[in-house]
Amino acid sequence: MGIKNDDVSKLKIDKDSIQAKIRDYDVLIDVKNRVILHDCADWARCIPEEKFCKHMGKLFLKVPREDSIELLKRILRERDSWEFKPY
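Residue 144 is where the sequence shown starts when you use the working numbering, and the numbers rise one by one after that.
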């Protein structure tokens with residue numbers, strides 16, 4: 144039982160941020176300040192290794208493809224300057 148498309152709500156995308164609610168969890172990607180905030184238990188375990196949890200994966204699948212690819216490449220390129228934090 145994976146995360147369904149309907150589990151993603153309140154998706155808001157603009158040039159400086161991406162916000163969403165995925166099931167009962169909140170996600171904020173602050174592109175301008177290079178911060179990713181999320182509040183699931185898996186995310187807390189992923190933070191030290193700077194990895195994404197399943198909710199983050201689903202979020203990137205819901206964002207338009209070109210925007211996702213561009214942002215993921217940017218995060219990878221600038222990995223040392225991005226902060227992964229609990230919400």
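Note that CB positions come from ideal geometry on N, CA and C, so glycine has one too.
No experiment lies behind these values; they were computed from the predicted model shown.
| Item | Value |
| --- | --- |
| Note down the Cα distance separating Gly145 from Arg188, rounded to an integer number of angstroms. | 19 Å |
| Leaving out five residues on either side along the sequence, give the residues of the same chain with a beta carbon under 6 Å from the beta carbon of Asp169. | Asp182 and Tyr230 |
| On the CB-based measure, 16 or more other CB atoms within 10 Å of its CB, does Lys231 come out buried or exposed? | The structure shown does not extend to residue 231, since the chain spans only 144 to 230, so no value can be given for it. |
| Would you tell me roughly how many angstroms separate the C-alpha atoms of Leu219 and Ile165, rounded to the nearest one? | 23 Å |
| Output the residue ranges of the beta strand (DSSP E) runs that lie fully inside the stretch 159 to 225 and measure 3 residues or longer, sorted by chain position. | 160 to 165, 168 to 173 and 178 to 181 |
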